[in-house]
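Undergrad: Sharing a structure, written as structure tokens. Questions coming.
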Amino acid sequence: MSIQSVGVLGCGLMGAGIAQVCAQSGYRTVVREVDQAVLDKGLGRVRRFLEEGVQKGKVTPEMRDSTLANLSGTTAVDALAGCDLVIEAIVENLEAKRQAYAAVEGVVRDDTLIVSNTSSLCITELAASTTRPDRFGGLHFFNPVPLMKLVEVIRGLSTTEPTYLALIAFAQSLGKEPITAPDRPGFIVNRLLVPYLLDAIRAYENGLGTLDDIDKGMKLGCGYPMGPFTLLDFVGLDTTYYIANIMFEEFREPAYAPPPLLKRMVLAGRVGKKVGRGFYE
């Protein structure tokens, strides 16, 4: 399966980052967003990232220019018609994703691959809502996409071997390190990470230490780049809460149950760095 052009659904934090690395790797990339303001914001984020890279000497002016030349934005789904691969990176809502796939399948070729960047939903279930479950899979990128090297490749029950191999090769062509993850909530990384983050919240609730002391303990004691509460604010408490609920619903294990403090933080709107207030200001 030859991939020359890539479509990205969604130009939020993840979608814009995915579009950037695709364009930077030489793919003709079209990112589609339903809202022009969100599209402009996402494309502006890409331009700022590249400009800062040039200023720091990490991105050449030629690479910046070629990336921007390969990248275009649109609010029309018809613009994805010529894409060989479409990466969905919209809100974590099953019905919204189903509607997006139906719209895309109305314009792309029969052999176009469709993948989801979901961090928690079942790939087999998403694939079943399309007319091409054999050409559907999961590509889970990590934030910030241009900097994080890992991509989880998830194959559903109907994903064929050629589709799976094409997605592995595509991830490698982006300069990423792909790993194969099972089609289970949390895949590999969140399956291990989320219980750790939830346990840190429970420990804080039980008076184990201050936020600073717990974060410093894990950074300096275990060599982690971020403590759990700094990471929670970065990822988003609402995102963590959502993933935890899906994992608990699937496995019914206490380790995946969201602590009361996490629920209250989300209800209060203190969801982290994106709003300026989470566990930290």
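With the working numbering as the guide, the letters of the sequence shown map in order to residues 41 to 321.
Backbone N, C-alpha and C define an ideal beta-carbon position, used for all residues, glycine too.
(1) Taking only runs of the beta strand (DSSP E) that begin and end inside the stretch 176-214, which ones reach a length of at least 3 residues, in chain order?
(2) Taking only the alpha-carbon atoms, compute the straight-line gap between residue 153 and residue 169 and give it to the nearest angstrom.
(3) Can you find the residues in the same chain that come closer than 7 Å, C-beta to C-beta, to residue 213, ignoring five residues on each side of it along the sequence?
(4) With which residues is residue 222 paired in a DSSP beta bridge?
(5) Could you tell me whether the Cβ atoms of residue 158 and residue 176 are closer together than 8 Å?
(6) For residue 222, which residues in the same chain have their Cβ closer than 8 Å to its Cβ, ignoring the five residues on either side in sequence?
(7) Work out the CA separation of residue 266 and residue 60 for me, nearest whole Å.
(8) Which value, in whole angstroms, describes the spacing of the CA atoms of residue 47 and residue 56?
(9) What are the residues that DSSP puts in a beta bridge with residue 70?
(10) Going by alpha carbons, who is nearest to residue 118 out of 138, 291, 149, 191?
(11) Taking the alpha-carbon positions, what's the residue 208 to residue 97 distance?
(12) In angstroms with no decimal places, state the Cα-to-Cα distance between residue 42 and residue 201.
(13) Name, in chain order, the residues that DSSP records as bridge partners for residue 241.
(14) Grab me the residues of residue 115's own chain with a C-beta within less than 8 Å of its C-beta, minus the 5 sequence neighbours each way, in chain order.
(15) Are the CB atoms of residue 145 and residue 171 within a distance shorter than 8 Å?
(16) Quick check on DSSP: helix, strand or coil for residue 312?
(17) Pairs of beta-carbons, one from the stretch 292-307 and one from the stretch 244-252, closer than 8 Å: are there three or more?
(18) State the CB to CB distance for the pair residue 62 and residue 113, rounded to an integer number of angstroms; the pair is presumed to be in contact (CB under 8 Å).
(19) From what residue to what residue does the beta strand (DSSP E) around residue 127 run?
(20) What does the Cβ neighbour count give for residue 136, buried or exposed, with the cut at 16 atoms within 10 Å?
(21) Could you tell me whether any non-hydrogen atom of the ligand SAH is closer than 7 Å to the CB of residue 158?
TA: Considering the structure as presented:
(1) Entirely contained in the stretch 176-214, the beta strand (DSSP E) runs reaching 3 residues are, in chain order, 176-181, 190-194.
(2) The count along the sequence shown starts at 1 and reaches residue 153 at position 113. The count along the sequence shown starts at 1 and reaches residue 169 at position 129. Spanning the two alpha carbons is a distance of roughly 14 Å.
(3) In the sequence shown, the residue the question calls residue 213 occupies position 173. Hits under 7 Å: 65.
(4) For the purposes of this step, residue 222 is taken as the residue at position 182 of the sequence shown. In the DSSP secondary-structure assignment, residue 222 is not bridged to any residue.
(5) Stepping through the sequence shown from its first residue, residue 158 is reached at position 118. Stepping through the sequence shown from its first residue, residue 176 is reached at position 136. For residue 158 and residue 176, no; Cβs fall outside 8 Å.
(6) Sequence index remark: in the sequence shown, residue 222 carries index 182 (1-based). Closer than 8 Å at Cβ, skipping near neighbours: 194, 228.
(7) By 1-based counting over the sequence shown, the position of residue 60 is 20. By 1-based counting over the sequence shown, the position of residue 266 is 226. Taking the straight line from one Cα to the other gives about 25 Å.
(8) Stepping through the sequence shown from its first residue, residue 47 is reached at position 7. Stepping through the sequence shown from its first residue, residue 56 is reached at position 16. Roughly 11 Å between the two C-alpha positions.
(9) Residue numbering aside, residue 70 sits at position 30 when the sequence shown is read from its first letter. Its beta-bridge partners are 47, 112.
(10) One-based indexing of the sequence shown puts residue 118 at position 78. The residue with the shortest Cα to Cα distance from residue 118 is 149.
(11) Mapped onto the sequence shown, residue 208 falls at position 168. Mapped onto the sequence shown, residue 97 falls at position 57. Annotation: residue 208 to residue 97 spans about 30 Å, alpha carbon to alpha carbon.
(12) On the sequence shown, position 2 is the one that residue 42 refers to. On the sequence shown, position 161 is the one that residue 201 refers to. In this structure, the alpha-carbon of residue 42 lies about 15 Å from that of residue 201.
(13) Position 201 of the sequence shown, counting from 1, holds the residue named residue 241. Residue 241 is not bridged to any residue.
(14) By 1-based counting over the sequence shown, the position of residue 115 is 75. Excluding positions up to five away in sequence, the list reads 72, 73, 74, 75, 76, 79.
(15) Here the question's residue 171 lines up with position 131 in the sequence shown. Here the question's residue 145 lines up with position 105 in the sequence shown. With respect to the 8 Å criterion, residue 171 and residue 145 are classified as neighbours on the basis of their beta carbons.
(16) Locating residue 312 in the sequence shown gives position 272, counting from the first residue. The answer is strand: DSSP assigns residue 312 an E or B state.
(17) Verdict: yes, contact present.
(18) Along the sequence shown, one-based indexing puts residue 62 at 22. Along the sequence shown, one-based indexing puts residue 113 at 73. In fact, because the Cβ distance is near 13 Å, the residues do not count as touching under 8 Å.
(19) Sequence index remark: in the sequence shown, residue 127 carries index 87 (1-based). It spans 125-128 - the beta strand (DSSP E) in which residue 127 sits, taken as one unbroken run.
(20) For the purposes of this step, residue 136 is taken as residue 96 along the sequence shown, with counting starting at 1. By the 10 Å Cβ count, residue 136 comes out exposed.
(21) The ligand SAH is not part of this structure, which contains no ligands at all.
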